[in-house]
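J.: Numbering (this note's numbering), first residue to last: 32 to 150.
For glycine and all other residues, C-beta sits at the position ideal for the given N, C-alpha and C.
None of these values were measured; they are calculated from a predicted model.
I have a structure I would like to understand better, so I am pasting it below and will then ask my questions one at a time.
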Amino acid sequence: GVPHLYLQQLPCSWGSLFLPRPWLLFRAYMQARLEGAPGPLVPRSASNGWSTSWKKFMIELSHLSGGVFLYPSFPNQSSLSTNHLEKGEHIGGKKNKLTHRPIDFTVPLLLNLSDLRQL
32 GVPHLYLQQL
42 PCSWGSLFLP
52 RPWLLFRAYM
62 QARLEGAPGP
72 LVPRSASNGW
82 STSWKKFMIE
92 LSHLSGGVFL
102 YPSFPNQSSL
112 STNHLEKGEH
122 IGGKKNKLTH
132 RPIDFTVPLL
142 LNLSDLRQL
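Written out as structure tokens, the structure reads:
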């Protein structure tokens, strides 16, 4: 079938691709916030309680600017990226005692480029 597109204000931190201009705008915003510039209180967002996650600042900026992120939905849940469960804060971290099964996080990569051209 034809891939569907989904727009959302919440950024995904796994496997994202940011285009140059929006990324540079974000970097400037994040730098200003890290230097003490005040930020907004995003309604009903758990990120309000985070201290210094880059994703917190991306959520703030998308809220302020009305920006959205594009998520394609390809056949067979295939994707342009997948998760390899590298160790970090959420996978294998000292504070995280959850078991992460690869089958719950990895998806097949998009191999049929005609699906990409249909977007």
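My output table needs one value for His94: the three-state DSSP class, helix, strand or coil.
T.: One-based indexing of the sequence shown puts residue 94 at position 63. Three-state DSSP puts His94 in a helix.
J.: Taking the beta strand (DSSP E) that Gln108 falls in, what are its first and last residues?
T.: Residue mapping note: residue 108 aligns to position 77 of the sequence shown, counting from 1. Premise fails: Gln108 is in no beta strand (DSSP E) and is neither H nor E.
J.: If you count every other CB in all the chains shown that lies within 10 Å of the CB of Lys118, and 16 or more means buried, which is it?
T.: Reading the sequence shown from its first residue, position 87 is the one you call residue 118. Exposed, by the Cβ-count rule.
J.: From Tyr102 to Leu38, what does the alpha carbon distance come to, in whole angstroms?
T.: Your numbering for residue 102 matches position 71 in the sequence shown. Your numbering for residue 38 matches position 7 in the sequence shown. C-alpha separation (whole angstroms): 6 Å.
J.: So, with DSSP's three-state summary, where would you put Phe26?
T.: This structure does not reach residue 26, given that the chain is present from 32 up to 150, and the question cannot be answered.
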